[in-house]
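Counting along the sequence shown from 1, when you hit position 150 you're at 161 in this note's numbering, and nothing is skipped either side.
Note that the Cβ used here is the ideal one computed from N, Cα and C, for glycine as well.
These figures come from a predicted structure and were not determined experimentally.
Structure, as structure tokens:
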Amino acid sequence: MTITLSVFAQSPDRGRGLARDMGVRWALEEAGLPYEVRLVSFAAMKEPAHLARQPFGQIPSYEENGLVLFESGAIVLHVAERAPALLPDEPHARAQAIAWIFAALSTLEPPVVEFTMAALFEKDQPWYEARQPMLETRLRARLGQLDARLGDDDWLGGSFSAGDLMTITVLRRLGSTGLLADYPRLAAYVARGEARPAFQRAFAAQLAVFTRSQAASG
12 MTITLSVFAQ
22 SPDRGRGLAR
32 DMGVRWALEE
42 AGLPYEVRLV
52 SFAAMKEPAH
62 LARQPFGQIP
72 SYEENGLVLF
82 ESGAIVLHVA
92 ERAPALLPDE
102 PHARAQAIAW
112 IFAALSTLEP
122 PVVEFTMAAL
132 FEKDQPWYEA
142 RQPMLETRLR
152 ARLGQLDARL
162 GDDDWLGGSF
172 SAGDLMTITV
182 LRRLGSTGLL
192 ADYPRLAAYV
202 ARGEARPAFQ
212 RAFAAQLAVF
222 TRSQAASG
């Protein structure tokens, strides 16, 4: 059965590959699994048809052969379980790769999102100047820990896995901040992920949706 992803009809990331369907697209490309997309407007995200697929009215959702999933991490894990390229067969290595999926979303992403969202939406607030250094300190602590764990290795678990995919997907959110320049090993790690052919295909597919939406609205 065909895999269908519900994705933004007009992504707020403006073609930068930061919307949450990006990691899912990348995983599907790594796994060699074809998929189709359902373009969902912001209004349609709050309507019953989409809420039946994604109860929080977000993006993406995943449908295949009667299975409906939401949450990008859960979808990536589901895809990875069918793809040796994303989860190793050796039990301990497999468990470690899964742990990094959870770490990316539960430990690394919250300070990344809080820091970047504050810079976007709170600059005019009176507390911004006092709060932002604290957010940056918290984020840098996590980046330093991740940098130490990665060290001079190419990937977190010896070979590329779904854990790397999710970690790099989160780190890419820092692209406009310049912070990764202070962590050259992490910057190189992100660049290795972005150089993978599967990432390039996923990025091009997501960008094409944005380009078409811009052309239609223009």
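Check: What are the start and end residues of each continuous beta strand (DSSP E) run of 3 or more residues lying completely inside the segment 49-137, in chain order?
Finding: 72-75, 78-81
Margin query: Can you list, in chain order, the residues of its chain with a C-beta nearer than 7 Å to that of Ala216? Leave out the 5 residues immediately preceding and following it.
Written below: If you number the sequence shown from 1, residue 216 lands on position 205. Excluding residues within five positions, the ones whose Cβ falls inside 7 Å are Arg36.
Note to self: Pull the bridge partners of Glu47 from the DSSP assignment, please.
What the structure shows: Here residue 47 corresponds to residue number 36 of the sequence shown, with the count starting at 1. The partner list for Glu47 (beta bridge, DSSP) reads Thr15.
Notebook entry, point to check: Are three or more beta carbon pairs between the segment 165-172 and the segment 94-110 nearer than 8 Å?
Noted result: yes
Check: Short check: CB of Glu41 to CB of Ala94, under 8 Å?
Finding: Locating residue 41 in the sequence shown gives position 30, where the first residue counts as 1. Locating residue 94 in the sequence shown gives position 83, where the first residue counts as 1. Yes.
Next item on the list: Identify whether Asp163 lies in helix, strand or coil by the three-state DSSP scheme.
Entry: Counted from its first residue, the sequence shown places residue 163 at position 152. Note: Asp163 maps to coil in three-state DSSP.
Checklist line | Simplified DSSP assignment, three categories, for Phe171 | finding: Translated into the one-based positions of the sequence shown, residue 171 becomes position 160. In this structure, Phe171 counts as coil in the three-state DSSP scheme.
Note to self: Between Glu74 and Thr118, how many whole angstroms is the CB-CB distance? I'm expecting something under 8 Å.
What the structure shows: Counting from one through the sequence shown, the residue named residue 74 turns up at place 63. Counting from one through the sequence shown, the residue named residue 118 turns up at place 107. The pair is not a contact, with the Cβ atoms about 29 Å apart (cut-off 8 Å).
Note to self: Need the endpoints of the alpha helix (DSSP H) that Pro195 sits in, please.
What the structure shows: Numbered from its first residue, the sequence shown carries residue 195 at position 184. Its alpha helix (DSSP H) spans residues 195-206.
Check: Do you know how far the Cα of Leu44 is from the Cα of Pro208?
Finding: The count along the sequence shown starts at 1 and reaches residue 208 at position 197. The count along the sequence shown starts at 1 and reaches residue 44 at position 33. Taking the straight line joining both Cα atoms gives about 14 Å.
Checklist line | Cβ pair count under 8 Å reaching 3, the segment 142-155 against the segment 183-198 | finding: yes
Item checked: Element boundaries [alpha helix (DSSP H), containing Gly34] -> One-based indexing of the sequence shown puts residue 34 at position 23. It spans 32-42 - the alpha helix (DSSP H) in which Gly34 sits, taken as one unbroken run.
Next item on the list: Please go through the same chain and pick out, in chain order, the residues whose beta-carbon is closer than 8 Å to the beta-carbon of Val124, but skip the five residues on each side of it.
Entry: Your numbering for residue 124 matches position 113 in the sequence shown. Contacts found: Arg184.
Note to self: Quick check on Gly186: does DSSP put it in helix, strand or coil?
What the structure shows: On the sequence shown, position 175 is the one that residue 186 refers to. Here Gly186 sits in coil by DSSP.
Notebook entry, point to check: Whose C-alpha, out of Asn76, Ser22, Val18, is nearest the C-alpha of Leu50?
Noted result: Position 39 of the sequence shown, counting from 1, holds the residue named residue 50. Checking every option, the nearest Cα to that of Leu50 belongs to Val18.
Item checked: Nearest residue (CA-CA) to Asn76, options Thr13, Pro102, Met128 -> For the purposes of this step, residue 76 is identified with residue 65 of the sequence shown, where counting begins at 1. It is Thr13.
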